[in-house]
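One structure below.
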Amino acid sequence: FTPCILGRCIARRLLCNGDDDCGDQSDEKNCKKVFKKCDQKMEEYWGIENLAKGLNIFTNNLEGLVLDHRYYAGGCSPHYIVDTRFRKPYNVESYTPETKGKYEFTMTEYDSYSNYESNVLKAKASQSSFSFGIKIPRVFELGYNSNDNRFKKFIQRMKRFSSTSSKFIHARSELAVAIYKLKPRALMLHYEFLQRLRQLPAEYSYGEYRELYRDYGTHYITEATVGGIYEYTLVVNGNELQKAGYSLSDVQKCAQHGFNIGARISSVYVKLGITEAGCKSLLKEIGESTSKKQYVEDFIVLVRGGASEHITTLAYKDLPTAALMQEWGDAVQYNPEIIKLKAEPLYQLVTPTDFANAMAIKENLQRALDEFQLETSPCRCALCHGNGIPSLQGTECECLCPLGYSGIACEISKRKDAAINGNWGCWTSWSPCSGGQRTRRRQCNNPAPQNGGSSCSGPDAETVTC
Numbered sequence: 001f002t003p004c005i006l007g008r009c010i011a012r013r014l015l016c017n018g019d020d021d022c023g024d025q026s027d028e029k030n031c032k033k034v035f036k037k038c039d040q041k042m043e044e045y046w047g048i049e050n051l052a053k054g055l056n057i058f059t060n061n062l063e064g065l066v067l068d069h070r071y072y073a074g075g076c077s078p079h080y081i082v083d084t085r086f087r088k089p090y091n092v093e094s095y096t097p098e099t100k101g102k103y104e105f106t107m108t109e110y111d112s113y114s115n116y117e118s119n120v121l122k123a124k125a126s127q128s129s130f131s132f133g134i135k136i137p138r139v140f141e142l143g144y145n146s147n148d149n150r151f152k153k154f155i156q157r158m159k160r161f162s163s164t165s166s167k168f169i170h171a172r173s174e175l176a177v178a179i180y181k182l183k184p185r186a187l188m189l190h191y192e193f194l195q196r197l198r199q200l201p202a203e204y205s206y207g208e209y210r211e212l213y214r215d216y217g218t219h220y221i222t223e224a225t226v227g228g229i230y231e232y233t234l235v236v237n238g239n240e241l242q243k244a245g246y247s248l249s250d251v252q253k254c255a256q257h258g259f260n261i262g263a264r265i266s267s268v269y270v271k272l273g274i275t276e277a278g279c280k281s282l283l284k285e286i287g288e289s290t291s292k293k294q295y296v297e298d299f300i301v302l303v304r305g306g307a308s309e310h311i312t313t314l315a316y317k318d319l320p321t322a323a324l325m326q327e328w329g330d331a332v333q334y335n336p337e338i339i340k341l342k343a344e345p346l347y348q349l350v351t352p353t354d355f356a357n358a359m360a361i362k363e364n365l366q367r368a369l370d371e372f373q374l375e376t377s378p379c380r381c382a383l384c385h386g387n388g389i390p391s392l393q394g395t396e397c398e399c400l401c402p403l404g405y406s407g408i409a410c411e412i413s414k415r416k417d418a419a420i421n422g423n424w425g426c427w428t429s430w431s432p433c434s435g436g437q438r439t440r441r442r443q444c445n446n447p448a449p450q451n452g453g454s455s456c457s458g459p460d461a462e463t464v465t466c
């Protein structure tokens with residue numbers, strides 16, 4: 001083995017091979033001749049750069065690169081996906097393409113805002129109720145970061161229905177492009193991340209460990225599904241539906257047939273329990289900006305993957321058509337996002353192979369993670385009124401206000417006595433270790449439910465081994 005300038009060690013056979021195996025190009029300097037083992041053009045896997053980044057699991061933010069997915073250890077066997085040649089990074093165990101299926105929507109009815117919120121909205125928030133000092137035991141869907149403009153617009157429009165009698169139909173179509181799996185051991189870390197780890201003091205100093213978590217996140221991704229999610233929510237006026245003798249199921253079937261067959265509704269309306277004219281007038285209201293709607297109060301779309309403003313613009317105008325879904329699917333293929341993943345804490349990357357004081361650094365990182373969770377949690381923020389969502393931006397708290405509310409704390413509104421849903425306060429400190437276990441607790445008081453609002457979901461206590 002030969003050392004690189006920035007601390008990585010590589011096999012001598014990798015010198016002067018045309019690849020940046022050191023990460024700083026030092027292995028390719030002063031070469032009398034370059035022996036390129038890999039002279040054919042090969043592509044990088046779709047979305048591979050994001051999979052090498054650290055993830056701040058408390059904010060859903062992808063941060064700096066922790067793994068080097070441009071290190072190949074001299075490997076050059078092409079991996080063919082359809083007719084494209086890809087080069088497999090050393091760290092990657094497998095990258096398996098998924099075959100495209102039909103674009104089908106799973107549709108779910110919610111007869112109240114609280115049901116919709118607990119099943120749909122909370123799945124998009126941060127995963128901050130996990131126990132992060134230990135492994136996350138399951139695959140989970142990556143939530144939205146509070147700075148994501150898509151999420152902000154979606155929340156602002158949805159939250160204004162929090163104290164209404166509106167009903168909701170949520171439709172979702174998921175497209176998987178590939179399944180990614182990381183090697184379980186002997187990973188090549190990104191050289192800048194490796195240097196930062198080596199600069200950490202063996203004696204605990206929270207400030208220095210906190211900076212590492214701020215720059216590189218708290219976890220690294222071990223498995224993931226990359227692709228896209230296309231979802232929309234129809235908000236309907238429950239009172240008007242009842243007056244017309246229609247049920248929420250009728251609206252769902254209308255929307256489903258509207259997607260499947262476009263305008264050709266006349267041949268199926270008899271099966272729906274709603275007239276052809278009723279179905280057409282309901283679908284016509286979707287995407288209209290006029291205020292004279294009878295049934296549809298809002299049509300809210302959220303598209304992940306594809307990175308196309310053109311598609312998003314079309315999506316807001318009408319129910320998705322087969323042509324639009326095909327266009328979106330083609331865009332997702334080349335611009336997939338991480339939609340599901342498994343993750344491990346960053347401290348698992350600290351091994352005796354790379355670090356002389358691995359045990360001390362690992363213990364310090366574990367200790368700092370508990371402090372970092374409390375510091376980055378919006379539970380420390382003052383109350384946001386009107387079911388606004390608090391978020392911590394650096395050291396400052398901000399409220400994301402529903403439409404109809406304004407002010408620093410969403411305190412300005414003409415609405416009175418609106419239902420306020422409960423929200424969790426901060427976790428207490430862990431109890432002393434007793435009988436191999438320690439416990440922490442939290443209360444549903446930030447705020448407590450008011451005026452018939454829903455209570456907090458999830459446990460109020462958490463116990464881990466110690």
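By UniProt numbering, the letter at position 237 of the sequence shown is numbered 237, and the numbering carries on one by one without gaps. Glycine is no exception: its CB is placed at the ideal position from the N, C-alpha and C atoms.
Rounded to whole angstroms, the gap between the alpha carbons of residue 335 and residue 174 is 14 Å.
Distance between residue 255 and residue 319, taken at the CA atoms: about 8 Å. Sequence-distant Cβ neighbours of residue 171 in its own chain, meaning closer than 6 Å and more than five residues away, are 105, 107, 232.
Here residue 295 really is in contact with residue 240; their C-beta atoms are around 6 Å apart, less than 8 Å. The beta carbon of residue 60 sits closer than 7 Å to the beta carbons of 126, 142, 143, 144, 145 from its chain, once the five residues preceding and following it are set aside; these are given in chain order. Residue 181 places its beta carbon 8 Å or farther from that of residue 109.
Around the beta carbon of residue 378, a 10 Å sphere encloses 16 or more other beta carbons of the protein chains shown; the residue is thus reported as buried.
For residue 317, there is no enclosing alpha helix (DSSP H), since its DSSP letter is neither H nor E. Rounded to the nearest angstrom, the gap between the Cα atoms of residue 375 and residue 178 is 35 Å. Listed in chain order, the non-local C-beta contacts of residue 3 below 7 Å within the same chain comprise 9, local neighbours out to five positions each way being set aside.
Of all alpha-carbon atoms in 452, 68, 359, 293, the one lying nearest the alpha-carbon of residue 203 is that of 359. Inter-residue distance for residue 382 and residue 150 is about 25 Å (C-alpha atoms, whole angstroms). DSSP lists 226 as the bridge partner or partners of residue 338. In this structure the segment 432-441 does not lie against the segment 405-415, because fewer than three pairs of beta carbons, one per stretch, are closer than 8 Å. Residue pairing by DSSP places residue 2 opposite 10 in a beta bridge. Three or more Cβ pairs closer than 8 Å define a contact, and the segment 78-89 falls short of that threshold against the segment 212-219. The shortest C-alpha to C-alpha distance from residue 156 to any of 423, 299, 23, 401 is the one to 401. Taken through DSSP and simplified to helix, strand or coil, residue 80 comes out as strand. Annotated three-state conformation of residue 394 is coil, per DSSP. Residue state for residue 142 is assigned as coil, using DSSP reduced to three classes. Two segments are said to touch when three or more pairs of C-beta atoms, one from each, lie closer than 8 Å; by this definition the segment 450-459 touches the segment 420-429. Per the C-alpha coordinates, the member of 56, 230, 54, 380 positioned closest to residue 399 is 380.
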